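Peer 1: I have a structure here, written as structure tokens, and I will follow up with some questions on it.
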Amino acid sequence: MKLNLNLPPPPPQNNAVLGPTYPTPGAGGPRLTQQDAQSQLGAAHIRFQGAPRLEGVQQKAIDEVINLKTICGGSSCDVVVNSATGGSHNSGTCSHANGWKIDVDDTPSVNNYILKNFQDTGINRSDDGARLYNAPSGATYARESGHWDIQVPCI
Numbered sequence: 004m005k006l007n008l009n010l011p012p013p014p015p016q017n018n019a020v021l022g023p024t025y026p027t028p029g030a031g032g033p034r035l036t037q038q039d040a041q042s043q044l045g046a047a048h049i050r051f052q053g054a055p056r057l058e059g060v061q062q063k064a065i066d067e068v069i070n071l072k073t074i075c076g077g078s079s080c081d082v083v084v085n086s087a088t089g090g091s092h093n094s095g096t097c098s099h100a101n102g103w104k105i106d107v108d109d110t111p112s113v114n115n116y117i118l119k120n121f122q123d124t125g126i127n128r129s130d131d132g133a134r135l136y137n138a139p140s141g142a143t144y145a146r147e148s149g150h151w152d153i154q155v156p157c158i
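Just so it is clear: in the sequence shown, position 21 is 24 by my numbering, and no numbers are missing.
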């Protein structure tokens, strides 16, 4: 028996035509550019507080915020993104810096929806005491001071 050990050449290493690429921990899928993330959130009528850095945010995090807007009441639910991959946040695999977390303002409509419809875990985070709530999507919402810290499943 004769084996064919000729393998196809590896793909080219120059991604300039494809745009930036990012190392992605876990099975999260694509990380977005600032423009793509803003475009998706804007199309869903989600507002921004200031100019949050969205470069490198996971598609799953953007999908979670868009889903929150939809299930919370659509146009009657005020969802405002105030942070994602920028700012000073804790590091780690499933962190803001790696695109797995995004923050939204604790507007009355968002607060009411989360507190009435998501599962209160009865647990407060050890580092800051934020109360944790589980969304049906598998995301964890932490009620921090002035906003909700949303972490999508990253592994």
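Just so it is clear, CB atoms sit at the ideal spot from N, CA and C, and this is done for glycine as well.
Treat the numbers as computed from the prediction; the structure is a model and nothing was measured.
For the putative contact between Asp123 and Tyr144, defined by C-beta atoms under 8 Å, what is the C-beta separation to the nearest angstrom?
Peer 2: Actually they are not in contact, since the Cβ atoms of Asp123 and Tyr144 sit about 10 Å apart, beyond 8 Å.
Peer 1: Name the residue from Thr110, Cys157, Asp131 and Ala142 whose alpha carbon lies nearest to the alpha carbon of His150.
Peer 2: Out of Thr110, Cys157, Asp131 and Ala142, Thr110 has the C-alpha closest to the C-alpha of His150.
Peer 1: Who are the near neighbours of Gly59 in its chain, counting only those whose CB is closer than 6 Å to its CB and skipping five residues on each side?
Peer 2: The residues are Tyr25, Arg34, Thr88 and Gly102.
Peer 1: Specify, as a first and last residue, the run of the alpha helix (DSSP H) that Val113 falls within.
Peer 2: Element bounds for Val113: Pro111 to Asn120.
Peer 1: Taking all protein chains shown into account, do 16 or more other C-beta atoms lie within 10 angstroms of the C-beta of Asp131, making it buried, or fewer, making it exposed?
Peer 2: Looking at its Cβ environment, which holds fewer than 16 other Cβ atoms inside 10 Å, Asp131 is exposed.
Peer 1: Would you tell me roughly how many angstroms separate the C-alpha atoms of Asp39 and Ile126, rounded to the nearest one?
Peer 2: The alpha-carbon atoms of Asp39 and Ile126 are separated by roughly 35 Å.
Peer 1: Quick one: what does DSSP say Asp131 is sitting in, helix, strand or coil?
Peer 2: If DSSP states are grouped into helix, strand and coil, Asp131 belongs with coil.
Peer 1: Applying the criterion that 16 or more other CB atoms from any shown protein chain within 10 Å of the CB defines a buried residue, is Ser78 buried or exposed?
Peer 2: Exposed, because fewer than 16 other Cβ atoms sit within 10 Å of the Cβ of Ser78.
Peer 1: Looking only at its chain, what residues have a beta carbon closer than 6 Å to the beta carbon of Asp106, apart from the 5 residues adjacent to it on each side?
Peer 2: Same-chain partners within the cutoff: Asn85, Ser86, His150 and Asp152.
Peer 1: Could you tell me if Lys63 is buried or exposed, where buried requires 16 or more neighbouring beta carbons within 10 angstroms of its beta carbon?
Peer 2: Classification for Lys63: buried.
Peer 1: Measure how close the beta-carbons of Ser112 and Cys80 come, nearest whole angstrom, since I'm counting them as under 8 Å.
Peer 2: Sure, about 4 Å apart at Cβ, within 8 Å.
Peer 1: Around the Cβ of His99, are there at least 16 other Cβ atoms within 10 angstroms (buried) or fewer (exposed)?
Peer 2: Buried, since its Cβ has 16 or more Cβ neighbours within 10 Å.
Peer 1: With DSSP run on the structure shown, which of helix, strand or coil describes His101?
Peer 2: It is worth fixing the name first, because residue 101 is Asn in this sequence and not His. In the structure shown, Asn101 sits in coil (DSSP, three-state: anything other than H, G, I, E or B).
Peer 1: Assuming the contact rule is C-beta atoms closer than 8 Å, Ile69 and Gln43 should be a hit. Round their C-beta distance to whole Å, please.
Peer 2: Right, their Cβ atoms sit about 7 Å apart.
Peer 1: For Ala46, is the classification buried or exposed, using 16 other Cβ atoms within 10 angstroms of its Cβ as the cut-off for buried?
Peer 2: Exposed: under 16 other Cβ atoms inside 10 Å.
Peer 1: Among His48, Arg56 and Lys119, whose alpha-carbon lies nearest the alpha-carbon of Thr36?
Peer 2: Comparing Cα-Cα distances from Thr36 to each of His48, Arg56 and Lys119, the minimum goes to Arg56.
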